[in-house]
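Undergrad: First the structure, then my questions, so here it is.
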Amino acid sequence: MTRLPMIALNLQSAPLHCPDATDLEHLLAAVELDLNALGDSLRLHDSDRIERHAGDLREALTRAIDGFTRASRAGQVPAALRARLVKASGQVAMQRESLLRATVALDGAMDVLLPREDALVYGRLDKRSSALFRH
């Protein structure tokens, strides 16, 4: 998946700048691209790509939230972009849920395959209880 070149928006160093619809479009497009790239990486079970795209998505979300917050305060968020942002937010939540389920399943499998040494099924045997098993 190719990334679109980002237009240089340095929203943090320009606190008075209020992003316009074009700025918001670019910010949202970056989030959507990173969401798609992360989804593809998850389907391919490619941990290196997952890590890279998750980081890219985090950065894109940070920029988008900042831009949309500024535009929202000025009442300048078009309804179509707002709807796309809500959809992207839902996709992030679904991917987060999928990752959580996969992590829980992996942890369960690891516990079965590699039990912890300190995890005893019936508790620790001390001198008194071990005497029961002597012949």
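Going by the working numbering, the first residue of the sequence shown is number 12, and it counts up by one from there.
No residue lacks a Cβ here, since even glycine has one placed at the ideal position from N, Cα and C.
Computed from a prediction, not measured in an experiment: that's the story for all the values here.
(1) Where does H56 fall in DSSP's three states?
(2) Span of the alpha helix (DSSP H) holding D122?
(3) Tell me whether the stretch 118 to 127 and the stretch 96 to 103 touch, counting them as touching only if at least three CB pairs, one residue from each stretch, are closer than 8 angstroms.
(4) Using C-beta distances below 7 angstroms, list every residue in its chain close to D122, excluding the 5 sequence neighbours before and after it, in chain order.
(5) Using three-state DSSP, classify D34 as helix, strand or coil.
(6) Buried or exposed: where does L68 fall if 16 or more other Cβ atoms within 10 Å of its Cβ makes it buried?
(7) With a CB to CB cut of under 7 angstroms and the five nearest residues on each side skipped, what residues in its chain are close to H64?
(8) Could you tell me how far apart the beta carbons of V42 and A71 are, in whole angstroms, since I believe they sit closer than 8 angstroms?
(9) Given a cut-off of 9 angstroms on the beta-carbon distance, is the pair L38 and G78 in contact?
(10) Looking only at its own chain, which residues have a Cβ that is under 7 angstroms from the Cβ of A82, when we skip the five neighbours before and after it?
(11) Identify whether G78 lies in helix, strand or coil by the three-state DSSP scheme.
TA: According to the data block:
(1) coil
(2) 90 to 124
(3) These segments do not touch.
(4) none
(5) helix
(6) Buried, by the Cβ-count rule.
(7) D45, A48, L49, S52
(8) Yes, V42 and A71 are in contact; Cβ-Cβ is about 5 angstroms, under 8 angstroms.
(9) yes
(10) C29, P30, L35, V88
(11) helix
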